[in-house]
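Counting with the working numbering, you get residues 764 to 993 for the letters of the sequence shown.
Where a beta carbon is used, it is the ideal one built from N, C-alpha and C, also for glycine.
The model shown is predicted, which means the values in this text are computed figures rather than measured ones.
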Amino acid sequence: MRPSAILQALALSTFVSLGLAACATGCGAGKGSTDPAVALANYAKALHDGRTEDAYAMLSDEARRNVSRPAFKKLASEMPEEVADLAKSLQRPPSSSTVTARVTNTKGDTLLLIFEKGEWHIDASAVDLYSQETPRRTAESFLRALDKKRYDVLLKFVPDALRTGLDAQRLKESWEGPDRPLVLRLKTNLKQALLTAKIEETGERAALAYEGGTLLFVREHGVWRIENFN
Numbered sequence: 764m765r766p767s768a769i770l771q772a773l774a775l776s777t778f779v780s781l782g783l784a785a786c787a788t789g790c791g792a793g794k795g796s797t798d799p800a801v802a803l804a805n806y807a808k809a810l811h812d813g814r815t816e817d818a819y820a821m822l823s824d825e826a827r828r829n830v831s832r833p834a835f836k837k838l839a840s841e842m843p844e845e846v847a848d849l850a851k852s853l854q855r856p857p858s859s860s861t862v863t864a865r866v867t868n869t870k871g872d873t874l875l876l877i878f879e880k881g882e883w884h885i886d887a888s889a890v891d892l893y894s895q896e897t898p899r900r901t902a903e904s905f906l907r908a909l910d911k912k913r914y915d916v917l918l919k920f921v922p923d924a925l926r927t928g929l930d931a932q933r934l935k936e937s938w939e940g941p942d943r944p945l946v947l948r949l950k951t952n953l954k955q956a957l958l959t960a961k962i963e964e965t966g967e968r969a970a971l972a973y974e975g976g977t978l979l980f981v982r983e984h985g986v987w988r989i990e991n992f993n
C-alpha cells in the first residue's frame, strides 16, 4: 500500500475511534471529544500545523499498534504535500456527510452505527442481516452468509442470468468441496479490503478491488447482486 493510502486509512480510523472516545490525551489542539466533528477537527489541525506528536496521540490503540510513532512521523515528513492536502480535506465541514462507526463482535459480525443529531444510532443492518441495499452492504451480507454457510441466502446474491440450474445444495457441494481454497482466500481478502477500499459505483454496476481480484456487482430488481469475482 502506498504511504498516502496508509495516511488516509489512518485518518478514517482516527475519526471513528475518536468519535467513540477511544483515546486522546495531551493534545495541544484540545483533548479528545465524544463529538466526532470536534475530534476530526482537532486531528486535522494537528496535521495542518505539523504537530505529528499531537496527531499521533489521537490515534486509536489499534492504529498505534499497527504504526509506530517513528513510522508515523517519517510518513508525515516524507510527504508534506499529501499531509497538507489530507488535513485540508478533513477540515471541511462534515455537515454534508454521514459519520459512521463499525463495531465487530466476537463472532466477526459487523454492526454499523450512525452519528445523528448528536447521538449514535444503530443502523438498519442490525435488523436486516443480509441487506442488499448498497454494494458495500451486499458484500458484508455475502461474507456473513458465507460464514454462516447459509447457501440458501447466498443464492439471493446470484444474478438472474447465472442462476439457471443452481441451487443451495450445488453451491454447498462446490464451495465446501473443490472450490473451498478459493472461497477461503476470497473471504480473507474481501474482509481486509472492506476495511479501507472504496467501492466504485457507476449506474447499475459497481466494483470492489481486493487482493487477488475484483468483486463485480450488478443491480437487479432494486437490489445489488454479485456478478463475478475475478
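In this structure, the straight-line span from the alpha carbon of Val981 to that of Arg907 is close to 19 Å. The alpha carbon of Leu949 has as its nearest neighbour, out of Asn991, Leu892, Thr965 and Gln895, the alpha carbon of Asn991. DSSP places Thr977 inside the beta strand (DSSP E), whose first and last residues are Gly976 to Glu983. Leu979 is positioned such that its CB atom lies no closer than 8 Å to that of Ala956.
Take the alpha-carbon of Val921 and the one of Ile989: they are about 6 Å apart.
Taking C-alpha positions only, Lys808 is separated from Ile877 by approximately 24 Å. The bridge partners DSSP lists for Arg988 are Val981. The closest CA to that of Ala960, considering only Arg926, Pro898 and Leu929, is found on Pro898. Residue environment for Gln895: buried (at least 16 other C-beta atoms within 10 angstroms of its C-beta). Residue environment: Glu903 is assigned as buried (16 or more neighbouring CB atoms within 10 Å of its CB, all protein chains considered). For Tyr806, DSSP assigns no beta-bridge partner whatsoever. About 6 Å separates the beta carbon of Leu810 from that of Val846, a gap short enough to meet the 8 Å contact definition. One alpha carbon belongs to Ala969, the other to Tyr893, and they sit about 18 Å apart. The C-beta distance from Leu934 to Leu953 rounds to 17 Å, too long to meet the 8 Å contact threshold.
For Ala902, the enclosing alpha helix (DSSP H) starts and ends at Pro898 to Lys911.
Beyond the five residues adjoining it in sequence on each side, Leu929 comes within less than 8 Å, by CB distance, of Leu918 and Val921 in the same chain, given in chain order. The beta-bridge partner set that DSSP reports for Ala969 consists of Glu964 and Phe980.
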